[in-house]
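These notes concern the structure reproduced below.
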Amino acid sequence: MNAVEVESLAKSYGPVQAVRGVSFAVRQGEVFALLGPNGAGKTTTLSVLEGYTAPDSGRVVVLGADPASGGRALRQRVGIVLQDIAVQPYLTVREALLRTAAYYPEPRDVDEVISLVGLDTAAATRVRRLSGGQQRRLDLALAVVGRPDLLFLDEP
């Protein structure tokens, strides 16, 4: 079974065609990379796959559902690492993970995730004080704390 199916995806922003005729499929358990130069439409494609942006045309299926209408049930099955950290800077690493874990029915243990990504010594550190590398590890921790079936990484 495919985890992701994209057929003839197109998305424009005014006169700028960000994505034109993109098609691919990703099987469950497969690692897939969408590569291209800046401005090639990679982030726009991910935004459509995540259900944040509606395509102009084409067919998109993620974990058997249309991401535009999959709602919370689909979002709980997908982990996302964005280009930039999207966490309140005043929270600690542990607080950020606890807050995110609360959105999921069966999240992973927060301390286990902190250890998994190597942030044990930074668990009580505020996000704004993390180094760039620590912020990327926190991004990954936030993406996996909900036990996702699928993980999207945007410029990890």
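Going left to right, the sequence shown walks through residues 3 to 158 as our numbering numbers them. The beta carbon of each residue, even a glycine, is placed where N, CA and C say it ideally should be.
One question on the structure: do A145 and L153 come within less than 8 Å of each other, judged by their Cβ atoms?
Residue 145 sits at position 143 when you count from the first residue of the sequence shown. Residue 153 sits at position 151 when you count from the first residue of the sequence shown. Yes, these two residues count as a Cβ contact at 8 Å.
Check this for me: beta carbons of V64 and V80, under 8 Å apart or not?
For this step, residue 64 is matched to residue 62 along the sequence shown. For this step, residue 80 is matched to residue 78 along the sequence shown. Remark: C-beta atoms of V64 and V80 approach each other more closely than 8 Å.
What is the DSSP secondary structure of L121, counted as helix, strand or coil?
In the sequence shown, residue 121 corresponds to position 119, counting from 1. Assigned with DSSP and collapsed to three states, L121 falls in coil, not helix or strand.
Does the region 91-107 come into contact with the region 123-130, if we say contact requires no fewer than three beta-carbon pairs (one atom in each stretch) closer than 8 Å?
yes
For V21, which option in E108, V50, G31, A35 has the closest C-alpha, if you only look at C-alpha atoms?
As a working note, residue 21 is residue 19 in the sequence shown. Measuring from the Cα of V21, the nearest candidate turns out to be V50.
Roughly how many angstroms separate the alpha carbons of A5 and G38, rounded to a whole number?
Residue 5 sits at position 3 when you count from the first residue of the sequence shown. Residue 38 sits at position 36 when you count from the first residue of the sequence shown. Going from the Cα of A5 to the Cα of G38 covers about 22 Å.
Note down, in chain order, each residue of its chain lying with its Cβ closer than 6 Å to the Cβ of V147, except the 5 sequence neighbours on either side.
For the purposes of this step, residue 147 is taken as residue 145 along the sequence shown, with counting starting at 1. Answer for V147: L99, T102, A103, P109, R110, V115, listed in chain order.
Return the residue from the list Q19, L121, R77 that minimises the CA-CA distance to Q137.
Sequence index remark: in the sequence shown, residue 137 carries index 135 (1-based). The option with the nearest alpha carbon to Q137 is L121.
Continuous alpha helix (DSSP H) stretch holding L11: start and end:
Mapped onto the sequence shown, residue 11 falls at position 9. For L11, no alpha helix (DSSP H) encloses it; the enclosing beta strand (DSSP E) starts and ends at 4-15.
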